[in-house]
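> Handing you this structure, nothing more for now.
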Amino acid sequence: MKFYLSSMIASMLLGSAAAFAPMSFKGAASTQMFSDVAEDEPAIVMTDDYKSATIFGSQVADEKIRNIAVIAHVDHGKTTLVDALIKQSGVFRDSAQADEAGTTIMDSNDQERERGITILSKNLAVMRGDTKINIMDTPGHADFGGEVERVLNMADGVLLVVDSVEGPKPQTRFVLDKALKKGMTAMVVVNKIDRPATRPEYVVDKAFDLFVELGATDEQTDFKVVYASGIQGKAGDEPDDLKEDLGPLFDAILEGIPAPKCDTKEPETLQALISNIDYNEFKGKMGIARITNGYIKAGQAIALQQPGMKKKTGRVSKLFVFDNLGQKEVEEAGAGDIIMFAGIDDIEIGDTLITNENNGNDAAEPLPPIAVEQPTVRMTIGVNK
């Protein structure tokens, strides 16, 4: 007999009360809250057709936006590298505030800080020149793979962080496979290049072999490599020639990760797939989504729908985009950007946000629901022979 343990291990670690628990960033001027999916929410649809679907269009939505997910095996320095990116992007007003923020800035949950791992995916946005970079920090542990898969639906490319000594590991394979199947551009960051036993050539060769094994296209295997030391806040195009900051990594993101694309920017074509949920005690349940097509305005009549299911209607009471470590309220947002909105309490991951203006007569069709890997823990129980 085979039994499948379908409850999320993240829920076990964080506890049911943590599903909508607020999190505060140390030393940050603003507060951002995140949530995991409640256990009683409907299961996310799993179909083979949706696993490798790429839902973004062919025309550039906004040249001044980059949407990236940072993925890695646990303990490969991803969180430390994200900390350095945050501190060097002008999020903090001065060095004193940056020092006050300390380390593991994004891992603000008590369980995350205690265990030293990322459990919940989180969003932030930084500016590099006049370009906005939406960064999605993801868990590195295989038990929280569902968090990674949801986040990938909002990204156009990934930073694959690999330890300069260990090279690709099991979770590296898992998260990279998901990104490649979505047709994403992947950039390899060989991290911890300051370690004494570093072997960058071996790591890059192993990364290339992994891309090939996973069926990457010729374009995907021609990946950009950046060498970095997250703890020193340095990066470079060569392992023995690091600059004094992470400028080469920022430049590689702007040059190598494509700008978001869409099919149309017309308001009636609004489509935004809900990939995560937040909760605020004043605003209630809030959806986090990347706008695939069209644009949205505060106060607009909207609907949430999954294919073949009934619409849930309401109005956008609050509309936010991500700004540094928090959110900024805006009047409108367009294709390619990542938004957080309130207005409909019954939000579920996998819903598509569409317009309900003119009673929804001109609204676009809902997008395919998010596909998430089946439970990772399996037990076979039998009689000893």
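So in the numbering used here, spot 171 of the sequence shown is number 1663, and the numbers just go up one at a time.
Just so it is clear, CB atoms sit at the ideal spot from N, CA and C, and this is done for glycine as well.
(1) Are Asn1848 and Ala1795 close, meaning C-beta to C-beta below 8 Å?
(2) Whose C-beta lies closer than 6 Å to the C-beta of Asp1837 among residues of the same chain, with five residues either side of it excluded?
(3) DSSP three-state call for Glu1773: helix, strand or coil?
(4) Relative to the C-alpha of Gly1806, which candidate in Gly1835, Asp1575, Met1679 and Asp1669 has its C-alpha closest?
(5) Decide if Pro1688 is buried, meaning its Cβ has at least 16 other Cβ atoms within 10 Å, or exposed.
(6) May I ask you to report which of helix, strand or coil DSSP gives Arg1620?
(7) Report, in whole angstroms, the separation of the C-beta atoms of Val1680 and Leu1706, which I expect to be a contact under 8 Å.
(8) Starting from the C-beta of Thr1664, find all residues in its chain whose C-beta is less than 6 Å away, skip the five residues before and the five after it, and write them out in chain order.
(9) What whole-angstrom Cβ distance do Arg1691 and Ser1721 have, given they're in contact under 8 Å?
(10) Determine the DSSP secondary structure at Asn1850, reduced to helix, strand or coil.
(11) Closest by CA to Arg1620, which one among Leu1577, Gln1551, Ala1827 and Ile1783?
(12) Run through the DSSP bridge pairs and tell me what Lys1726 is partnered with.
(13) For Gln1797, write down the residues that DSSP places opposite it in a beta bridge.
(14) Using a Cβ-Cβ cutoff of less than 6 Å, which residues in the same chain neighbour Pro1799 once the five nearest sequence positions on both sides are dropped?
(15) For Thr1872, does the count of other Cβ atoms within 10 angstroms reach 16, so buried, or fall short, so exposed?
(16) What residues in its chain sit with their C-beta under 7 Å from that of Phe1483, if we drop five residues either side in the sequence?
(17) Can you tell me which residues form a DSSP beta bridge with Ile1831?
(18) So, with DSSP's three-state summary, where would you put Thr1664?
(19) Out of Asp1710, Ala1727, Gln1712 and Glu1711, which has the shortest C-alpha to C-alpha gap to Val1718?
(20) Grab me the residues of Asp1783's own chain with a C-beta within less than 7 Å of its C-beta, minus the 5 sequence neighbours each way, in chain order.
(21) Looking at chain D, is there any beta carbon in it that lies within less than 8 Å of the beta carbon of Asp1701?
(22) Sort out for me which residues DSSP pairs Tyr1694 with in a bridge.
(23) What span of residues does the alpha helix (DSSP H) with Leu1746 cover, start to end?
(24) Could you give the distance in angstroms between the alpha-carbon of Gly1608 and the alpha-carbon of Ala1855?
(25) Between which two residues does the beta strand (DSSP E) harbouring Ile1560 extend?
(26) Note down, in chain order, each residue of its chain lying with its Cβ closer than 6 Å to the Cβ of Asp1697, except the 5 sequence neighbours on either side.
(27) Please say whether Gly1791 and Glu1758 have beta carbons closer to each other than 8 Å?
(28) Grab the span of the alpha helix (DSSP H) containing Leu1573 for me, first residue to last.
(29) Quick one: Cα of Ala1699 to Cα of Lys1820, how far?
(30) Here's the rule: buried if 16 or more other CB atoms are within 10 angstroms of the residue's CB, otherwise exposed. What is Lys1877?
(31) Rounded to whole angstroms, what's the CA-CA distance from Val1562 to Ala1793? Just pull it up for me.
(32) Is it right to say Pro1752 is buried, meaning 16 or more other beta carbons lie within 10 angstroms of its own, or is it exposed?
This is what the structure holds:
(1) In this structure, the beta-carbon distance from Asn1848 to Ala1795 falls below 8 Å.
(2) Gly1776 and Lys1777.
(3) DSSP places Glu1773 in coil when its eight states are reduced to three.
(4) For Gly1806, the closest C-alpha among the options Gly1835, Asp1575, Met1679 and Asp1669 is that of Gly1835.
(5) Pro1688 counts as exposed, since fewer than 16 other beta carbons sit within 10 angstroms of its beta carbon.
(6) In the structure shown, Arg1620 sits in a strand (DSSP, three-state: E or B).
(7) In fact, because the Cβ distance is near 13 Å, the residues do not count as touching under 8 Å.
(8) Counting only Cβ-Cβ distances below 6 Å, and skipping sequence neighbours, we find His1565.
(9) In fact, because the Cβ distance is near 15 Å, the residues do not count as touching under 8 Å.
(10) If DSSP states are grouped into helix, strand and coil, Asn1850 belongs with the helices.
(11) The option with the nearest alpha carbon to Arg1620 is Leu1577.
(12) According to DSSP, which records beta bridges pairwise, Lys1726 is partnered with Ser1721.
(13) According to DSSP, Gln1797 bridges with Thr1844.
(14) Contacts found: Pro1858.
(15) The C-beta of Thr1872 has fewer than 16 other C-beta atoms within 10 Å across all chains shown, which makes the residue exposed.
(16) Within the shown structure, residues of the chain are numbered from 1493 to 1877, placing residue 1483 beyond reach of any answer.
(17) In the DSSP assignment, Ile1831 forms a beta bridge with Ala1781 and Val1813.
(18) It is helical.
(19) Distances from the alpha-carbon of Val1718 to those of Asp1710, Ala1727, Gln1712 and Glu1711 put Ala1727 closest.
(20) Rather than Asp, the amino acid found at residue 1783 in this sequence is Ile. Only Ala1764, Ala1825, Gly1826, Ala1827, Gly1828, Asp1829 and Ile1831 meet the Cβ criterion.
(21) As a matter of chain content, chain D is missing from the structure shown, which is built from one protein chain.
(22) According to DSSP, Tyr1694 bridges with nothing at all.
(23) Unbroken alpha helix (DSSP H) run through Leu1746: Gly1739 to Gly1748.
(24) Below a pLDDT of 50, predicted positions are generally treated as unreliable, and Gly1608, at 47, falls in that range; the measurement from the model is reported next regardless. A straight line joining the alpha-carbon of Gly1608 with that of Ala1855 spans about 45 Å.
(25) Start and end: Ile1557 to Ala1564.
(26) Counting only residues of its own chain and dropping the five nearest sequence neighbours on each side, Asp1697 has no CB closer than 6 Å to any other CB.
(27) Between Glu1758 and Gly1791, the C-beta spacing is not below 8 Å.
(28) Note, Leu1573: alpha helix (DSSP H), Lys1570 to Lys1579.
(29) Straight-line Cα distance between these residues: approximately 38 Å.
(30) A residue is called buried once 16 or more other Cβ atoms fall within 10 Å of its Cβ, and Lys1877, having fewer, is exposed.
(31) Distance from the CA atom of Val1562 to the CA atom of Ala1793, rounded to whole angstroms, is 34 Å.
(32) Result: buried.
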